[in-house]
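**Student:** Reading the sequence shown from the start, the letters are residues 1 to 504 in UniProt numbering.
All residues carry an ideal CB built from backbone N, CA and C; glycine is no exception.
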Amino acid sequence: MSQQENLFKPIGQLAQDTDARPEVDDDDARLQEGGEFQEGNEREVEQVESLCMECHQQGITRMLLTSIPYFREVIIMSFRCDHCGNSNTEIQSAGEIQPKGCIYSVHILNAKDLNRQLVKSNTCTITIPEISLTLPASRGQLTNVEGLVSDIVRDLSLDQPVRKIMDPATHDKIETLLNRLKECLDDDDDDEATTGEKPEKTFTPFTLKLDDPSGNSYVQFFGTTSDAQWSLRAYNRSREQNVTLGLVAEEEDASAAKKESIGAIDGTRPSMTEREDGSVVPEEVFTFPGACSSCGHQIDTLMQRVNIPHFKDIIIMSTNCEYCGYRDNEVKSGGAIAEKGKKIILKVEDEEDLSRDLLKSETCGLEIPEIDLVLQPGTLGGRFTTMEGLLQQVYEELSTKVFNTGGGDSALTDSEDKGNFAKFLGSLKEVMVAARPFTLILDDPVANSYLQNIYAPDDDPNMEIITYDRTHEQNEDLGINDMVLTGYDNEHPEVAAEGGDKAE
Numbered sequence: 001m002s003q004q005e006n007l008f009k010p011i012g013q014l015a016q017d018t019d020a021r022p023e024v025d026d027d028d029a030r031l032q033e034g035g036e037f038q039e040g041n042e043r044e045v046e047q048v049e050s051l052c053m054e055c056h057q058q059g060i061t062r063m064l065l066t067s068i069p070y071f072r073e074v075i076i077m078s079f080r081c082d083h084c085g086n087s088n089t090e091i092q093s094a095g096e097i098q099p100k101g102c103i104y105s106v107h108i109l110n111a112k113d114l115n116r117q118l119v120k121s122n123t124c125t126i127t128i129p130e131i132s133l134t135l136p137a138s139r140g141q142l143t144n145v146e147g148l149v150s151d152i153v154r155d156l157s158l159d160q161p162v163r164k165i166m167d168p169a170t171h172d173k174i175e176t177l178l179n180r181l182k183e184c185l186d187d188d189d190d191d192e193a194t195t196g197e198k199p200e201k202t203f204t205p206f207t208l209k210l211d212d213p214s215g216n217s218y219v220q221f222f223g224t225t226s227d228a229q230w231s232l233r234a235y236n237r238s239r240e241q242n243v244t245l246g247l248v249a250e251e252e253d254a255s256a257a258k259k260e261s262i263g264a265i266d267g268t269r270p271s272m273t274e275r276e277d278g279s280v281v282p283e284e285v286f287t288f289p290g291a292c293s294s295c296g297h298q299i300d301t302l303m304q305r306v307n308i309p310h311f312k313d314i315i316i317m318s319t320n321c322e323y324c325g326y327r328d329n330e331v332k333s334g335g336a337i338a339e340k341g342k343k344i345i346l347k348v349e350d351e352e353d354l355s356r357d358l359l360k361s362e363t364c365g366l367e368i369p370e371i372d373l374v375l376q377p378g379t380l381g382g383r384f385t386t387m388e389g390l391l392q393q394v395y396e397e398l399s400t401k402v403f404n405t406g407g408g409d410s411a412l413t414d415s416e417d418k419g420n421f422a423k424f425l426g427s428l429k430e431v432m433v434a435a436r437p438f439t440l441i442l443d444d445p446v447a448n449s450y451l452q453n454i455y456a457p458d459d460d461p462n463m464e465i466i467t468y469d470r471t472h473e474q475n476e477d478l479g480i481n482d483m484v485l486t487g488y489d490n491e492h493p494e495v496a497a498e499g500g501d502k503a504e
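Right under this line is the structure:
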């Protein structure tokens, strides 16, 4: 273990050791014959000769083994060819592929946020939603947010003179993108050095998202993980991602995917079938053709009926467009409207409660009094997830609104309002990891929501379920007051209206 600590010293300690080391002559620092370092002049950076892929001469690759605080051990490599001047840098993870992939989201609101350290592995995809920019997976990097954006501007600017002549339309689109990226950089110092005056410039905020299926990327947070502008979400990799990472053999994946698709390619997936009594076959996945609401391509909507123990049947519908990436999922109740409403109150005391299954219907409201969080019915739609997953989605939705840079009605423009909302998001992040006890209240007037009882079939000591009679206003909002239950199929509408029973 001591050997590992010596090999992978923290990057800050390496910098301090380098500053404290006495200067030595270049000749004294050279390697002796046999490849061993001279006594007393051991260096942290390893040097090896390697082939330059530009001129095919021998260059020098320097490797530094270090660890990044709050992250993990990495290998930083730098190549330089003295013959042709070719150079590049790269970072590789010194550890193993993580059990889950990760998605980092950070809101860059001012010039200080540009200094956030960033580790990008060679499997990481970077997205800036405000300008619809996506960087595919490429070589690994150890940089900061400003360096990453500067590299994007530099790479896109290289071929702009040629594009202006060969493809003016593409040149104009990229030029617009470059102008928006430059607005995200803090280059006031350069302007001041050029003009002699410091211009008044408004920083353009943006959102940076890193999606790495290997889990070996990282974005620095300020202070603690309760940083309101920073969030991390772990997810289970798909089989395609496991194949890309080399964790699953391609042949094995192909046969498994064929079985999982249930005829998505060869057309053997069953169409919508019913039993003789008209009910849907449970646990069977059905397909409905339709059009994508985002791009208009023909896509399939998947539907499955699922039974939740100690509750009722629900219907889960999922839509995924492979053309534009649009995704949507929805949960519907599979039963009748209950006679009474239901309120579920859970006192959350530890992190274990966050793993409870939770079904939130479209008519359910959510409240956490300790942090003044109130979600009206209809917010987020129907969701079947865990308590942790729902709170994570609430955070993502609210953080997008408060840090929205589009300037619309949903964007907060007052600095005091943003400060208060950022403080609220910090409290929400504490609730997301159960760092403080809190109370979760689900209020559903049609009783179609559910929170798992981990003590079932016994009562949960921390959960209270209250049934209540709906008010006339609630029935009016739900459309129950004018709902005709019998006599609606009579030949004469007036008979149905007079003789048909209405819901109480």
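Does the distance from the C-beta atom of I337 to that of I480 stay below 8 Å?
**Tutor:** Going by C-beta atoms, I337 is nearer than 8 Å to I480.
**Student:** I'd like the span of the alpha helix (DSSP H) that includes Q304, first residue to last.
**Tutor:** Careful: Q304 lies outside any alpha helix (DSSP H), inside the beta strand (DSSP E) at Q298 to N307.
**Student:** Just how far apart, CA to CA, sit S271 and F286?
**Tutor:** Only weak support exists for where S271 lies, its pLDDT of 41 falling under 50; the coordinates are left without a value.
**Student:** Let me know if D409 comes out buried or exposed under the rule of 16 or more other beta-carbons within 10 Å of its beta-carbon.
**Tutor:** At D409, the pLDDT of 46 sits below 50, so the modelled position is not reliable and the matter cannot be decided from this model.
**Student:** By DSSP, does residue 512 sit in helix, in strand, or in coil?
**Tutor:** Nothing can be reported for residue 512, as the shown portion of the chain is limited to 1 through 504.
**Student:** Under the assumption that S121 contacts S231 (Cβ atoms under 8 Å), give the Cβ distance between them as a whole number of angstroms.
**Tutor:** With a Cβ gap of about 19 Å, S121 and S231 do not count as contacting.
**Student:** Taking just the CA atoms, how far does L358 sit from F384?
**Tutor:** If you take the alpha carbons of F384 and L358, they lie about 6 Å apart.
**Student:** Check whether the segment 340 to 357 touches the segment 451 to 468, taking contact to mean three or more Cβ pairs, one atom from each stretch, closer than 8 Å.
**Tutor:** A contact exists between the segment 340 to 357 and the segment 451 to 468.
**Student:** Just to confirm my understanding: we take L391, look at its own chain, exclude 5 residues before and 5 after, and list those with CB closer than 8 Å. What are they?
**Tutor:** Excluding residues within five positions, the ones whose Cβ falls inside 8 Å are L354, L428, V431 and M432.
**Student:** To the nearest whole angstrom, what separates the beta carbons of S105 and T207, a pair I think is in contact under 8 Å?
**Tutor:** Right, their Cβ atoms sit about 7 Å apart.
**Student:** Grab me the residues of T127's own chain with a C-beta within less than 6 Å of its C-beta, minus the 5 sequence neighbours each way, in chain order.
**Tutor:** Taken in chain order, the residues that qualify are T134 and K209.
**Student:** Use the C-beta contact count for L158: other C-beta atoms within 10 angstroms, 16 or more gives buried, fewer gives exposed.
**Tutor:** The residue in question, L158, is exposed, as its Cβ has fewer than 16 Cβ neighbours within 10 Å.
**Student:** Grouping DSSP H, G and I as helix and E and B as strand, with all else coil, what is S67?
**Tutor:** It is a strand residue.
**Student:** Within the continuous beta strand (DSSP E) that includes Q47, where are the two ends?
**Tutor:** It spans E46 to L51 - the beta strand (DSSP E) in which Q47 sits, taken as one unbroken run.
**Student:** Please state the DSSP three-state secondary structure of K360.
**Tutor:** It is a strand residue.
**Student:** Report buried or exposed for D212, applying the criterion of at least 16 other Cβ atoms within 10 angstroms of its Cβ.
**Tutor:** It is buried - the Cβ of D212 has at least 16 other Cβ atoms within 10 Å.
**Student:** Rounded to whole angstroms, what's the CA-CA distance from E396 to T225? Just pull it up for me.
**Tutor:** C-alpha separation (whole angstroms): 15 Å.
**Student:** D172: buried (16+ other C-beta within 10 angstroms of its C-beta) or exposed?
**Tutor:** That one is exposed.
**Student:** In the DSSP assignment, find the unbroken alpha helix (DSSP H) run with V248 in it and report its ends.
**Tutor:** First-last for V248: undefined, no H or E at that position.
**Student:** Should E240 go down as buried or exposed, given a rule of 16 or more other Cβ atoms within 10 Å for buried?
**Tutor:** Exposed: under 16 other Cβ atoms inside 10 Å.
**Student:** What do you reckon, are the CB atoms on residue 529 and L375 nearer than 8 Å?
**Tutor:** The requested residue 529 is not part of the displayed model; the chain covers only 1 to 504.
**Student:** What are the boundary residues of the alpha helix (DSSP H) that K171 is part of?
**Tutor:** Residue identity check: residue 171 is His in the sequence provided, not Lys. Where H171 is concerned, the enclosing alpha helix (DSSP H) stretches over P168 to E183.
**Student:** For Y450, does the count of other Cβ atoms within 10 angstroms reach 16, so buried, or fall short, so exposed?
**Tutor:** Buried is the call here.
**Student:** Contact between the segment 57 to 66 and the segment 79 to 98: three or more CB pairs below 8 Å?
**Tutor:** With a cut-off of 8 Å, the segment 79 to 98 and the segment 57 to 66 count as touching, because enough Cβ pairs lie within range.
**Student:** Taking 8 Å as the threshold (C-beta atoms), are I315 and R327 in contact?
**Tutor:** Their beta carbons are not under 8 Å apart, which means R327 does not touch I315 by this criterion.
**Student:** S361 and N307 look like a contact to me (Cβ under 8 Å); what is the Cβ gap, rounded to whole Å?
**Tutor:** About 16 Å; that fails the 8 Å criterion.
**Student:** Kindly list the residues whose CB is nearer than 8 Å to the CB of L245, restricted to its own chain and excluding five residues on each side of it in sequence; keep chain order.
**Tutor:** Result list for L245: I97, T123, P213, S214 and R237, in chain order.
**Student:** Note down the Cα distance separating E464 from T204, rounded to an integer number of angstroms.
**Tutor:** Roughly 47 Å separates the two Cα atoms.
**Student:** Below 8 Å CB to CB, which residues in the same chain sit around N453 once its five sequence neighbours on both sides are set aside?
**Tutor:** Within the same chain, N453 has close Cβ partners H310, D459, D460 and M463.
**Student:** So, for E46: in the same chain, excluding its five sequence neighbours on each side, which residues have a beta-carbon less than 6 Å away from its beta-carbon?
**Tutor:** Taken in chain order, the residues that qualify are M63.
**Student:** Spell out the partners DSSP gives residue 528 in its beta bridges.
**Tutor:** Residue 528 lies beyond the residue range present for the chain, which begins at 1 and ends at 504; the question has no answer from this structure.
**Student:** Cα separation between K112 and Q141?
**Tutor:** Cα-Cα distance, rounded: 20 Å.
**Student:** Check the DSSP bridge columns for F79 and list the partner residues they point to.
**Tutor:** F79 is bridged to T61 and N88.
**Student:** In the DSSP assignment, what are the bridge partners of G290?
**Tutor:** Paired residue(s): I299.
**Student:** What residue does the beta strand (DSSP E) around E476 start on, and which one ends it?
**Tutor:** That residue, E476, is in no beta strand (DSSP E); its alpha helix (DSSP H) goes H472 to L478.
**Student:** Could you have a look at E351 and say whether DSSP puts it in helix, strand or coil?
**Tutor:** Helix at E351.
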